[in-house]
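Each protein sequence line maps, in turn, to chains E and Y. Residue 195, in the working numbering, is where the first sequence stops; the numbers in between run on with no holes. Residue 739, in the working numbering, is where the second sequence stops; the numbers in between run on with no holes.
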Amino acid sequence: MADDKDVLRDVWFGRIPACFTLNQDEVTEREAEPYYLLLPRVSYLTLVTDKVKKHFLKVMRAEDVEEMWFEYEGTPLKWHYPIGVLFDLHASNNVLPWSITVHFKNFPDHDLLHCPSNSVIEAHFMSSIKEADALKHKSQVVNDMQKKDHKQLWMGLQNGETHTPPILKERRPQTCNNDHHVTRMGKCAFVFM
Amino acid sequence: MSDSAESPTETQKEEPQPPADDSAANDEKKKIDVLLKAVGDTPIMKTKKWAVDRGRTVQSLAQFISRFLKLDGNEQLFIYVNQSFAPSPDQEVGVLFDCFGSDGKLVLHYCKSQAWG
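Written as structure tokens, this is what we have:
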């Protein structure tokens, strides 16, 4: 069987070119230019878009700015899904760059979870890892790791580090038969190939 | 994210369940059995076994437990599966049951503070 080290590496280092455009209904002091960014597949929108926020805040007044959220062709983008999953779900058949609309008002509470801080993203990321591990390896991999290894996983994601995949790879045992469930829970199992 | 205010129903322990016909077995709307377990000093639910609609979200169930236990509005409730991870609030309990249920039920631990964070 082919070594899937290459697949793991391609997914980990995968980047999606995106163009962020401010929603035209937002109140601005002058015209907002779109902002282009390469998004890592294995990360979360709210973790990698600080620059997007700073860019648009330059043309807006503070009182017109609430929690930032993203939408693609009318569909609010769930930040708690990995970016690669969001792209594959919504836009993989369309031309690049991926055109995402940025909003600062009217947060859609019925469709999206709030993301007040990075610690919320970290908690969600760790839970997703544990969930995928429970599904695929009966929690063996995560339970064999120490707390500092858990922290290193998160720091690796946050910093976009390049040496994290091998840590996961050497602990990765045999394949899982529950393909159906793995697909449905794919948003969690992205790291465990 | 708000769901309907409808509460899960208690499973009938005294009466035998009516036999499920084939169409009900395939019906996505059928309920799944959930067993709620308290962690630490969190109050224990008087009724622990509930029949919950498959499509109900984790967040909706957490809100139901909070109301049932008469917790303060500002008190958080954490829900855990397999005593290891907290599922996403928008996850449906039916999917969790399919993946992590055993002996015909889904065991969920609930806690006022982070237990397995």
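The C-beta atom is built at its ideal place from N, Cα and C for all residues, glycine as well. As the structure is a prediction and not an experimental result, all values here were calculated from the model.
Asked	Found
Using a 10 Å radius around the Cβ and a threshold of 16 neighbouring Cβ atoms, would you call Lys106(E) buried or exposed?	As written in the sequence, residue 106(E) is Phe, which differs from the Lys given in the question. Buried, by the Cβ-count rule.
The segment 680 to 713 of chain Y: which residues have C-beta closer than 7 angstroms to a C-beta of chain E, in chain order?	Asn704, Ser706, Phe707, Ala708, Pro709, Ser710, Pro711, Asp712
Excluding the five sequence neighbours on either side, which residues of its own chain have a C-beta within less than 6 angstroms of the C-beta of Leu49(E), listed in chain order?	Ile123
Alpha carbon to alpha carbon, how far is Thr664(Y) from His126(E)?	22 angstroms
Buried or exposed, going by whether 16 or more other CB atoms sit within 10 Å of the CB of Asn145(E)?	exposed
How about Pro630(Y): is its C-beta nearer than 7 angstroms to some C-beta of chain E?	no
Quick test of your reading: Val715(Y) and Arg678(Y), contact by CB under 8 angstroms. State the CB separation rounded to the nearest angstrom.	5 angstroms
With Thr77(E) and Thr23(E) assumed to form a contact (beta carbons below 8 angstroms), what rounded beta-carbon distance in angstroms separates them?	That pair is no contact at about 15 angstroms.
For a contact meaning CB atoms closer than 9 angstroms, what does Phe584(Y) contact in chain E?	Outside the shown range of chain Y (623 to 739) lies residue 584(Y), about which nothing can therefore be said.
Using CA coordinates, which residue listed in Asp52(E), Lys7(E), Pro36(E) is at the minimum distance from Asn120(E)?	Asp52(E)
What separation, rounded to the nearest whole angstrom, lies between the Cα atoms of Val13(E) and Pro19(E)?	15 angstroms
Which class does Arg17(E) belong to by DSSP, given the choice of helix, strand or coil?	strand
For the segment 705 to 712 of chain Y against the segment 127 to 145 of chain E, are there 3 or more C-beta pairs whose distance is under 8 angstroms?	yes
Using the beta-carbon of each residue, which ones in chain Y are nearer than 8 angstroms to Ser141(E)?	Asn704, Ser706
Using a threshold of 7 angstroms, state whether the C-beta atoms of Leu59(E) and Trp81(E) are closer than that.	no
Give the straight-line distance between the Cα atoms of Trp71(E) and Leu693(Y), rounded to the nearest whole angstrom.	30 angstroms
Grab the span of the alpha helix (DSSP H) containing Ala684(Y) for me, first residue to last.	680 to 690
Quick check on the DSSP output: the alpha helix (DSSP H) that includes His57(E) runs from which residue to which?	52 to 59
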